[in-house]
Each structure stands twice: as structure tokens, then as C-alpha cells.
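To keep things clear, I will list the structure first and then write my remarks on it.
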Amino acid sequence: MWKKTYRKLKFQYYKVLRMKGAPAFVARGFSLGIFIEFITLPTFGLAFLLLFPLCKLFRASLPAALVAFVIGKLILPLFILFNYNIGYVLIGKPLQGQLIHHEPGMQWLVWVKEKGLVYFTGSAIMGLIVAFASYILVLTGLQLYRRKKLRRSFPEESPTP
1 MWKKTYRKLK FQYYKVLRMK GAPAFVARGF SLGIFIEFIT LPTFGLAFLL LFPLCKLFRA
61 SLPAALVAFV IGKLILPLFI LFNYNIGYVL IGKPLQGQLI HHEPGMQWLV WVKEKGLVYF
121 TGSAIMGLIV AFASYILVLT GLQLYRRKKL RRSFPEESPT P
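Okay, structure coming up:
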């Protein structure tokens, strides 16, 4: 299982490295995809619909955003408890109001009302931090990779006496 996950991550890594476009364009798309993935869980997947319009708005790479969205699904479970704790620290005590009717189908709404805002706040804050860090990492990595690739394609010629 770990080998399969590693191979998938490595494949996504190579897809990002070989993407067309300026490094800043690709890095913006990647960081946008990571941020959208962080806020997708508390919005029940509706944030995915923001991916295309936000890529157009920020002039970012849609393929890089999609790759980051997939990678985000693998790293988000590491942050779930941390996101909730950040939101709890920022918002404080969850909302205590109860719904009038406690029908079995409405219990998820009670949970969303009590804990959803706290988790969403923590996810948004942590998503911004991880998106900013991923922007810097992807931008730097792409610049280094392309410089190295350019040096390999044009080797220095040694002067002949």
C-alpha cells in the first residue's frame, strides 16, 4: 500500500515539474488547488466548484490546481484535528443553540451548527498557510528544475587550444 501511494505521489510530482507555463503561473495554480482542498471538507465538496473560476480570476494553471487538489486529498487527513483545534482557539466555544426538532435526519445539521464553523475557520487558516508554503516550494522547485534542464541542454563547451 505504501509503495503504491509513493508511486502515485511521485507521478503527481513529475506532472507538476513538466507542466507548461511560467513557474509562477503553475505555482499559483498549485497553491490554489491546495487551498480549495482544505476548505472542501467543511463545505461538503461544494468548494470544488470554485476551482475553475478562481483559476481564471487569479490567472493560475488549472491542471496544476487539479494535481494539487488530488495531492491535498492525501495530506489533508494529517491536518484534520489540527484544523479543528485552530478554529476552536480562534472562535472559542462552539455555538450552543439547539435545533427545535431533534429528528434522526437532522443530527448532522446539529453537528454542522456546533462544530462546522469552528472546523471551517481552522481549515481556512491552515489552508492559507499550507497554500503559501506550497507556492514558495513549487515556484522554487520549478525554477531550479528548469535551470538544471537548461544547463543540460546547452553544456559549456571547453575551449580547444
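Heads up, the sequence shown stops at 161 in the UniProt record's numbering, and the numbers go up one at a time, no gaps.
Glycine included, C-beta positions come from ideal geometry on N, C-alpha and C.
Annotated three-state conformation of residue 148 is helix, per DSSP. Taken atom to atom, the span from the alpha-carbon of residue 81 to that of residue 48 is near 22 Å.
Annotation for residue 83: 119, 122, 123 and 126 place their beta carbon closer than 7 Å to its own, counting only its chain and skipping 5 residues before and after.
In the displayed model, residue 154 falls within coil according to three-state DSSP, outside both helix and strand. Relative to the Cα of residue 40, the nearest Cα in the group 14, 78, 69 and 56 belongs to 69. For residue 82, the enclosing alpha helix (DSSP H) begins and ends at 80-91.
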